[in-house]
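What follows is a short report on a single structure.
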Amino acid sequence: MKLREHALTLRALSASLRADPSISPESVISTLRVRKEELMQEFYKAFTTKFSPAESFSFVDHPRRDYGKLYTVDELGNIWGGRPVLYVNSEIDELKQAIVRSIKAGQPVFFDCDVGTMDVDYFEY
C-alpha cells in the first residue's frame with residue numbers, strides 16, 4: 197500500500213509542477229527524480245528493517261524427506277558465492293501456522309509450488 201501511496205504523491209507533484217508555466221520541463225524531471233529517490237529510500241528502509249534475507253529460510257512440505265530437518269540444494273541459489281538457500285521441511289499444518297504468524301506480524305510471505313512436468317494432454321481444458 198505504501199508503494200501506491202508514493203505513486204500518488206509523485207503523480208500529484210508532477211501535475212502541480214506541470215501546471216506552473218514558469219517551471220521548465222527539465223526542472224520538473226529533476227524535482228521528480230529527487231523525490232523518487234527519497235521515496236525509494238523510504239520504501240527500502242521500511243522493508244529491509246522488517247525483513248532481513250540474511251535471517252531467512254524457507255519452510256517446505258516435502259513428503260519424501262524427513263520432517264523437522266534443515267536442507268539445502270546444491271547449485272541452487274541466485275547469487276554467486278552467496279549463502280546457500282536453506283529449507284526446513286515441515287508438515288503442512290506447521291507451514292500454515294507459520295504463514296499466519298508471519299502475515300499477522302507484518303512479515304512478507306513468498307511461496308511457490310512445484311507441480312512437476314505439465315502434460316498438456318492430461319487434462320481436457
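For the sequence shown, the working numbering assigns the number 197 to the initial residue and increments by one for each residue that follows.
No residue lacks a Cβ here, since even glycine has one placed at the ideal position from N, Cα and C.
| query | To the nearest angstrom, how far is it from the Cα of Leu209 to the Cα of Leu228? | reply | As a position in the sequence shown, residue 209 is number 13, starting the count at 1. As a position in the sequence shown, residue 228 is number 32, starting the count at 1. Whole-angstrom Cα-Cα distance: 7 Å.
| request: Can you tell me which of the three DSSP states Phe255 falls into? | output: Translated into positions along the sequence shown, residue 255 becomes position 59. Looking at Phe255 - three-state DSSP - the assignment turns out to be strand.
| message | Can you tell me where the beta strand (DSSP E) holding Thr268 begins and where it ends? | response | Within the sequence shown, numbered from 1, the residue matching residue 268 stands at position 72. Residues Leu266 to Thr268.
| request: Give the straight-line distance between the Cα atoms of Ile219 and Ser212, rounded to the nearest whole angstrom. | output: The residue given as residue 219 occupies position 23 in the sequence shown. The residue given as residue 212 occupies position 16 in the sequence shown. Distance between Ile219 and Ser212, taken at the CA atoms: about 10 Å.
| message | Check for me: the alpha helix (DSSP H) holding Val296 runs from which residue to which? | response | Position 100 of the sequence shown, counted from the start, is the residue given in the question as residue 296. That run of the alpha helix (DSSP H) goes Ile288 to Lys300.
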